[in-house]
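Some notes on the structure that comes next.
There are 2 protein chains.
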Amino acid sequence: MTYKIKSRVWIEIDDKVLLGEGRVRLLNAIEEQGSLSKAAKVLGMSYKKAWTLIDAVNKSAHEPVVISSIGGRDGGGAKLTPYGRSLIVAFEKINKNCWNYLNEQVKSLPMIKYPTE
Amino acid sequence: MTYKIKSRVWIEIDDKVLLGEGRVRLLNAIEEQGSLSKAAKVLGMSYKKAWTLIDAVNKSAHEPVVISSIGGRDGGGAKLTPYGRSLIVAFEKINKNCWNYLNEQVKSLPMIKYPTE
DNA sequence: AGGCGTTATATTTGTTTGGAAATAGCGTTT
DNA sequence: AAACGCTATTTCCAAACAAATATAACGCCT
Numbered sequence: 003m004t005y006k007i008k009s010r011v012w013i014e015i016d017d018k019v020l021l022g023e024g025r026v027r028l029l030n031a032i033e034e035q036g037s038l039s040k041a042a043k044v045l046g047m048s049y050k051k052a053w054t055l056i057d058a059v060n061k062s063a064h065e066p067v068v069i070s071s072i073g074g075r076d077g078g079g080a081k082l083t084p085y086g087r088s089l090i091v092a093f094e095k096i097n098k099n100c101w102n103y104l105n106e107q108v109k110s111l112p113m114i115k116y117p118t119e
Numbered sequence: 003m004t005y006k007i008k009s010r011v012w013i014e015i016d017d018k019v020l021l022g023e024g025r026v027r028l029l030n031a032i033e034e035q036g037s038l039s040k041a042a043k044v045l046g047m048s049y050k051k052a053w054t055l056i057d058a059v060n061k062s063a064h065e066p067v068v069i070s071s072i073g074g075r076d077g078g079g080a081k082l083t084p085y086g087r088s089l090i091v092a093f094e095k096i097n098k099n100c101w102n103y104l105n106e107q108v109k110s111l112p113m114i115k116y117p118t119e
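Structure (structure tokens):
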């Protein structure tokens, strides 16, 4: 019987959510797949949900994060902007650090293992 | 135009949520008010929601967190156990530390202020 | 012109969530 | 026995959310 500490970190801008764990996962998939629909499929997410997420990201950001194109040789696609990539890097760094920090915290808090005897 | 980093921390036990920010707020209100219904009223929360939350806490914890009594001089009430109080202390400490830590993190991450020029 | 694969958006349907209200049970007090 | 104020639980309804489906637009390609 063990306690687990979990955390979620996200970035807001103008009181709107810009980036969270799920959105970053989606952005990474877009980077890999080159398309929103393929990214959604890879993540087992409906296209609509993926589109809604990216729409929210683009609307809250003041600079473009994802640029999409319709039509053309293979139907179109979606690509990250350099700004988008820098956001991912920043988020993942913060997220990882926070996680490491919490792990340390737990060790220094004995009362979280309150006796079960 | 500024970026804000936000975080949520919670404690799980056996893969069920034990304590989060909202639940701790409710537990504190119970401690102050001595009753679940008054605590709910103070927090602008419906009695049902408060009851559901406490029920979830008591079901996931292996030791009692809130002990409630029905009937009696003033109808009954709800009180925290010493274990419940220790949980609150632990959670609030971790939560506060995490918040402070993230604030420090932001300062050391210049890329979060990606140029808007 | 028509097919293709994609983005973009609307419509529908179903599921989950949450509030409001109603009801019951309880133990002290009067 | 009745009143009181709380906990406990059910029922009903509305709102929020999510999944599925359908449709349109677009631009390259054959």
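Residue numbers (the numbering used here), protein chains in the order written: chain W, 3 to 119; chain R, 3 to 119.
By construction, the Cβ of each residue, glycine as well, lies at the ideal position given by its N, Cα and C atoms.
Just so you know, these numbers come straight off a predicted model, no measurement behind them.
Rounded C-alpha distance that separates residue i from residue j
| i | j | result |
| --- | --- | --- |
| Asn102(W) | Ile7(W) | 11 Å |
| Leu20(R) | Gly46(R) | 22 Å |
| Asn99(R) | Glu34(R) | 24 Å |
| Val56(R) | Lys43(R) | Position check: residue 56(R) holds Ile in this sequence, whereas Val was assumed. C-alpha separation (whole angstroms): 15 Å. |
| Gly24(R) | Ser70(W) | 39 Å |
| Asn30(W) | Gly74(W) | 23 Å |
| Val91(W) | Ser62(R) | 36 Å |
| Lys51(R) | Lys18(W) | 26 Å |
| Asn60(W) | Ser48(R) | 36 Å |
| Val26(W) | Tyr5(R) | 16 Å |
Option nearest residue i by Cα separation, candidates the options
| i | options | result |
| --- | --- | --- |
| Lys81(W) | Leu28(W), Val108(W) and Ser48(W) | Leu28(W) |
| Ser39(W) | Gly77(W), Val59(W) and Asp17(W) | Gly77(W) |
| Val108(R) | Val108(W), Glu106(W), Lys109(W) and Glu94(W) | Glu94(W) |
Residue i - DSSP class collapsed to helix/strand/coil
| i | result |
| --- | --- |
| Glu14(R) | strand |
| Val59(W) | helix |
| Val68(R) | strand |
| Leu29(W) | helix |
| Gly86(W) | helix |
| Ser39(R) | helix |
| Leu104(R) | helix |
| Gly24(W) | helix |
| Lys51(W) | helix |
Contacting residues, own chain, Cβ-Cβ under 7 Å from residue i (five flanking each side not counted)
| i | result |
| --- | --- |
| Val11(W) | Ile96, Asn97 and Cys100 |
| Leu89(R) | Leu21 and Val67 |
| Ile32(R) | Leu38, Ala41, Val68, Ala80 and Leu82 |
| Trp53(R) | Leu38 |
| Ser9(R) | Cys100, Trp101 and Leu104 |
Burial state of residue i (16 or more Cβ within 10 Å)
| i | result |
| --- | --- |
| Ser37(W) | buried |
| Ile13(W) | buried |
| Ile72(R) | exposed |
| Asn105(W) | exposed |
Chain-order list of residues whose beta-carbon lies under 8 Å from that of residue i (same chain, five-residue window excluded)
| i | result |
| --- | --- |
| Glu65(R) | Thr83 and Tyr85 |
| Ile15(W) | Ser62, Ala63 and His64 |
Cut-off 6 Å between Cβ atoms - residues of its own chain near residue i, not counting five sequence neighbours on either side
| i | result |
| --- | --- |
| Arg87(R) | none |
| Ala58(W) | none |
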